[in-house]
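In this note's numbering, the protein residues as written are 25 to 138.
Structure follows, in structure tokens:
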């Protein structure tokens, strides 16, 4: 999910945005948006992702729609929910270097900035 989020807001860290869209990949923020927007907007998003994915202005519009529809917020919420569930599952195991390493990995993949 974190990687999906980078596709919508990673220019500030030097990574290009919209790569998943250019590859017509369905990401969680996009899926949420398609399920929670009006029919006209949904059809336009699908058309752009399928047929006009090289047009930077149109991709920027899709990213704007994902943001407006709450797709980014939803993905962040789900990512954090899965993070907490994973950490809770790991608590079932005795404290050890292995458990600590797994906990650190969960935190890293969800909290990383790059």
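Positions of the beta carbon are idealized from the N, C-alpha and C atoms, including for glycine. Source: prediction; values computed, not measured.
Contact annotation, residue 93 with residue 57: C-beta distance approximately 4 angstroms; criterion of less than 8 angstroms satisfied. With a minimum length of 4 residues, the unbroken runs of alpha helix (DSSP H) contained wholly in the segment 33 to 109 fall at 43 to 46, 52 to 59, 63 to 75, 80 to 93. Comparing C-alpha distances from residue 65 to each of 129, 88, 33 shows the shortest one belongs to 88. Under the three-state reduction of DSSP, residue 121 is assigned to helix. Judged by beta-carbon spacing, residue 53 lies beyond the 8 angstroms limit of residue 112, meaning their Cβ atoms are not closer than that value. Taking the C-beta atoms as reference points, residue 55 is found no nearer than 8 angstroms to residue 103. Cα atoms of residue 77 and residue 131: separation of roughly 33 angstroms, rounded to the nearest angstrom. Distance from the CA of residue 118 to the CA of residue 124, rounded to the nearest whole angstrom, comes to 10 angstroms. With contacts defined as CB atoms closer than 8 angstroms, residue 73 and residue 48 qualify as a contacting pair.
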